[in-house]
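At the far end of the sequence shown sits residue 151, using this note's numbering, and the numbering has no gaps.
Heads up, the beta-carbon is just placed ideally off N, CA and C, and yes, glycines get one too.
In what follows, a structure is listed as structure tokens, so that the remarks can point back to it.
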Amino acid sequence: MDNDPRSPLFDPQLDTSHQLSTSRLPAVLPIEAIGWHQRLVVNPLVAILSSLAGVALIQHALRTRNLALFGTGVGVLFLSLLLIQFHCRDCGATGWYLHASRHACAAVVARWRQNVLARAGWSARTQLLVWSYVMVFGLLGYAVFTLSRM
Ligand SMILES: [Zn+2]
């Protein structure tokens, strides 16, 4: 196969190796592939504090029979799910977990290019799943504990 663009056998739609060797960055970075090369720590502290505030609002709304406050508490409880953060162990960047799949700093891109997996621990999705279970069962346990005292 001839990869020289000046050759009569060169087909620009089929012979892409020349384009890849000349350009440093691929045109489209596969987002799902970058996750295997990230080293992220999921931090739910802000989300936990926010959900505790939501639970406190709901409790106060139930005691005072305030429907607007109850709705606000439920809203805060659900919005707190968006406040889960991530930290990159390579560059130290912190951001919202919703944007974690797009995080590609120099170290992540270097591992992606060399096709080296960054598996030093749980993946960000596994950490998020574990934290979700901890938060849900913590809230359920707190609700059962509170109801048993009534
Ligand atoms: Zn990073």
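- Nearest neighbour of Ser102 by Cα position, chosen from Arg112, Ile59, Ala125, Leu130, turns out to be Ala125.
- With respect to Trp37, Leu99 sits apart: the two C-beta atoms are not nearer than 7 Å.
- Within 10 angstroms of the beta-carbon of Phe146 lie fewer than 16 other beta-carbons, which makes it exposed.
- Ranked by Cα distance from Leu140, the first of Ala94, Gly55, Phe71 is Gly55.
- With a 10 Å radius around the Cβ and a threshold of 16 neighbouring Cβ atoms, Val137 comes out exposed.
- For Leu83, there is no enclosing alpha helix (DSSP H), as DSSP gives it neither H nor E.
- Secondary structure of Val42 (DSSP, three-state): strand.
- Ala107 and Leu58 have their C-alpha atoms roughly 43 Å apart.
- Minimum Cα-Cα distance from Leu78 among the listed residues Thr65, Val135, Ile49 corresponds to Ile49.
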